[in-house]
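Participant:
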Amino acid sequence: MANLDTSIEPKNLAIVGAGIMGRCLAWRLSGYGHRITLFDKDSKNHGSAAAYTAAGMLAPFSELEAAEDNIFLLGQHSIALWRDWLKTWNAEDLMAESGTLVLAHRQDIGSLQNFNQQLEAKLNALANQQKEAALLSKQQLSEIEPELAQHFDQANFLKSEAYLDNHAVMDCMAKQLEAAGIRWRENGEISSVSDNQLVSDNGEEAFDHIFDCRGLGAKNDIQSLRAVRGEVLRVYSKEVRLRHMVRLMHPRYRLYLVPKPNHEYVLGATQIESEDYSPLSVRSALELLSALYTIHPGFAEARIVETQSNCRPALPDNQPLIKHGKGLSQINGLFRHGFLLAPALADITARLFHGESQENEELTILSQAIIDSLG
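Following this note's numbering, the numbering of the sequence shown begins with 25 at its first residue and continues without gaps.
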């Protein structure tokens, strides 16, 4: 259990939605002595949440090239929180802090150079962040990932990035939340959420405060919320031995490859403006598999373990939302940054709810901007 703060008057709280956002918030609030009930339409051990389809990347530097500065800053805070939480749970092995290699084939080298220039420009505008990215020669690449040096001449090494074993983290969090006394209400539909009240399969229920973390399940209450489809492949290969995340420059999108336990790898990239939960398309499968082979020919004999598709919640500007009211808080719009943003947003929400200050001035300004501009 998180360290208990006995100075806070315990309240009866509900968290609706047990994806990665709901679980992070439940853990963050568990140290205050509140009576917390976590509602979800799925089982706590598995479900349709986007977190189960995600690759578990904690890649604020990679995202900075195309995302706003606040995504980067929130991501930095989340990585620190993940590190602390996993240590508390004795589960540090679920996070690999090996960094990301950004690569490009010779015909796409211009895309890599453009990526490097944009990243450098943004990092130069942020204090003390310039040294986190390192351009590697072929020889330097061969020293940290020799199998890639056979096919690539250079790389940008983002050494401070990390990734999580997303399935194992979701399972671990379920166990930790149960141990902390969180009540789970699984496999139940929530038909409406309002100030201090929700309607579930059991009828109307009242709470001192409700936190709505339903993602796309909150579309009726957040009219500007939209779905963004993503597709991934999971493959098994004993012929490939990569330790780092890989970002591959591509004419249409940025491909990512993330190592997983037991010789598995997750490959993804697609970002389709559609609320479509159907299986992986032939076009996406062909593009992903072709890219996989060009990263490492050893994947030619890899076995496809599964293909997955899911939809992620996004707002018009692809920024997160924290809307805090007297009896209801809404946390949504994590887009494709669920694992990267959820801990930081949970921390900001918990501090906001309890009237606490942020850890530092930068987070105070950042959290106020998120709340004021979107809430």
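Backbone N, C-alpha and C fix where the C-beta goes; we use that ideal spot for every residue, glycine too.
How should residue 201 be labelled, buried or exposed, when 16 other C-beta atoms within 10 angstroms of its C-beta is the threshold for buried?
Facilitator: buried
Participant: Is residue 304 helix, strand or coil when you go by DSSP?
Facilitator: coil
Participant: Could you give the residue range of the alpha helix (DSSP H) that holds residue 109?
Facilitator: 93-112
Participant: Quick one: what's got a C-beta closer than 6 angstroms to residue 62's C-beta in the same chain, skipping five residues either side?
Facilitator: 39, 42, 50, 206 and 208
Participant: List the whole-angstrom C-beta distance separating residue 273 from residue 172, where the pair is believed to meet the contact cut-off of C-beta under 8 angstroms.
Facilitator: Wrong, their Cβ atoms sit about 14 angstroms apart, outside the cutoff.
Participant: Anyone know if the C-beta pair for residue 82 and residue 186 falls short of 8 angstroms?
Facilitator: yes
Participant: Check residue 356 in the structure and name its three-state DSSP category.
Facilitator: strand
Participant: With a cut-off of 8 angstroms on the beta carbons, I'd call residue 166 and residue 178 a contact; round off their distance for me.
Facilitator: Taking a contact as a CB-CB distance under 8 angstroms, the pair residue 166 and residue 178 does not count as one, their CB atoms being some 11 angstroms apart.
Participant: Roughly how many angstroms lie between the CA atoms of residue 355 and residue 131, to the nearest whole one?
Facilitator: Looking at the two C-alpha atoms, the distance is approximately 42 angstroms.
Participant: Using the DSSP secondary-structure output, state which residues sit across from residue 235 in a beta bridge.
Facilitator: 39 and 353
Participant: Nearest CA to the CA of residue 288: which residue from 89, 316, 126 and 92?
Facilitator: 316
Participant: When DSSP labels each residue in this structure, what does residue 139 get in the three-state scheme?
Facilitator: helix
Participant: Which of the three DSSP states is assigned to residue 181 in this structure?
Facilitator: strand
Participant: Taking DSSP as the reference, what is the three-state secondary structure of residue 293?
Facilitator: coil
Participant: Please classify residue 396 as buried or exposed, where buried requires at least 16 other C-beta atoms within 10 Å of its C-beta.
Facilitator: Only weak support is given to the placement of residue 396: the predicted model assigns it a pLDDT of 46, under 50, and the value that follows is read from those uncertain coordinates. Under this definition residue 396 is an exposed residue.
Participant: Rounded to a whole number of angstroms, what is the C-alpha to C-alpha distance between residue 325 and residue 313?
Facilitator: 11 angstroms
Participant: List the endpoints of the continuous beta strand (DSSP E) containing residue 251.
Facilitator: Taken as a continuous stretch (DSSP letters only), the beta strand (DSSP E) holding residue 251 covers 250-260.
Participant: Do residue 80 and residue 188 have their C-beta atoms within less than 8 angstroms of each other?
Facilitator: yes
Participant: When the Cα atoms are used, what is the spatial distance from residue 76 to residue 282?
Facilitator: 14 angstroms
Participant: When the Cα atoms are used, what is the spatial distance from residue 237 to residue 46?
Facilitator: 5 angstroms
Participant: Do residue 52 and residue 374 come within 8 angstroms of each other at the CB atom, strictly closer than that value?
Facilitator: yes
Participant: Do residue 125 and residue 89 come within 8 angstroms of each other at the CB atom, strictly closer than that value?
Facilitator: no
Participant: Am I right that residue 365 and residue 98 are in contact with their C-beta atoms under 8 angstroms? What's the rounded C-beta distance?
Facilitator: 5 angstroms
Participant: Are the stretch 218-233 and the stretch 65-72 touching by the rule of at least three beta carbon pairs closer than 8 angstroms?
Facilitator: Too few Cβ pairs lie closer than 8 angstroms, so no.
Participant: Considering only residues of the same chain and omitting the five flanking positions on each side of residue 73, which have a CB-CB separation below 6 angstroms?
Facilitator: 43
Participant: Whose CA, out of 86, 327 and 332, lies closest to the CA of residue 361?
Facilitator: 86
Participant: List, from N- to C-terminal side, the alpha helix (DSSP H) runs of 4 residues or more that fit wholly inside the stretch 172-232.
Facilitator: Along the length of the stretch 172-232, whole alpha helix (DSSP H) runs at least 4 residues long occupy 190-203, reported in chain order.
Participant: Can you give the Cα-Cα distance for residue 190 and residue 363, rounded to whole angstroms?
Facilitator: 8 angstroms
Participant: Using the Cα positions of residue 109 and residue 119, report the straight-line distance between them to the nearest angstrom.
Facilitator: The straight-line gap separating the alpha-carbon atoms of residue 109 and residue 119 is approximately 11 angstroms.
Participant: Can you tell which of 245, 133, 139 and 48 has its C-alpha closest to the C-alpha of residue 103?
Facilitator: 48
Participant: Grab me the residues of residue 198's own chain with a C-beta within less than 7 angstroms of its C-beta, minus the 5 sequence neighbours each way, in chain order.
Facilitator: 68 and 69
Participant: Apart from the five residues on each side of it in sequence, which residues of its chain come closer than 6 angstroms, Cβ to Cβ, to residue 398?
Facilitator: In this predicted model, residue 398 has a pLDDT of only 41, less than 50, meaning its place in the structure is not dependable enough to derive any value.
Participant: Among 54, 138, 156 and 181, whose alpha-carbon lies nearest the alpha-carbon of residue 270?
Facilitator: 181
Participant: How would you write the range of the beta strand (DSSP E) that residue 328 sits in, first residue to last?
Facilitator: 327-338
Participant: Give me the DSSP bridge partner(s) of residue 283.
Facilitator: 289
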